[in-house]
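Novice: Residue numbers (my numbering): 6 to 118. Yeah, the Cβ is synthetic: ideal placement off N, Cα and C, and Gly gets one too. Got a structure here, written out as structure tokens. Questions coming.
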Amino acid sequence: MITVSTTEEGLVFGLTKTHRLDLTNAGQLEKKILKKKIHQVNTVLINLQGIQFIDTAGFSILLKIQGGIEKKGSRFCIINVSDEVKELIHLLKLDQVLNCAKDPYGITAGVVN
């Protein structure tokens, strides 16, 4: 299930009832984001709390979403990234491409890791 909430920072999308972002749910995340008026917010966050694994389909969607959001002038960031997913990001050399922060407030304060 994909959740959406609004904060002062922007829109926060999350995945619940799963520990994976993969072929089975990555498309749902993309559709949910495309339905929102992301051009009207400064920041779009993807909350990965509880996600332990991301496959190539999941990473592909995250990169596609990031590109589209940044092209519209908004900021994109994945937050609450588990150690397992951080390791995958590093192994795939996506740590220099994907914007990651510890929490939603980290990006507004400029604390991006």
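1) Residues bridged to Thr48 by DSSP?
2) Since I believe Gln54 is in contact with Phe85 (beta carbons under 8 Å), could you give me their beta-carbon distance rounded to a whole number of angstroms?
3) Out of curiosity, what's the CA-to-CA distance linking Thr12 and Val49?
4) Put Thr61 into one of helix, strand or coil per three-state DSSP.
5) So which of Val102, Lys41 and Phe64 has the shortest CA-CA distance to Ser10?
6) Residues in the same chain with beta-carbon distance under 6 Å from Val17, minus the five sequence neighbours each way, listed in chain order, please.
7) Do you know whose CA, among Lys36, Val46, Gly63 and Leu96, lies nearest Glu75's CA?
8) Can you check DSSP and say which residues form a bridge with Thr12?
9) Helix, strand or coil for Gly19, going by three-state DSSP, please let me know.
10) Measure how close the beta-carbons of Thr21 and Thr8 come, nearest whole angstrom, since I'm counting them as under 8 Å.
11) To the nearest angstrom, report how far apart Ile59 and Ser87 are at their CA atoms.
Specialist: According to the structure data:
1) Arg80
2) The amino acid occupying residue 85 in the given sequence is Asn; Phe does not appear at that position. With 8 Å as the limit, Asn85 and Gln54 qualify as a contact, their Cβ atoms being about 4 Å apart.
3) 10 Å
4) helix
5) Lys41
6) Ser10, Leu50 and Asn52
7) Val46
8) Within the DSSP bridge table, the entry for Thr12 names no partner.
9) strand
10) 6 Å
11) 11 Å
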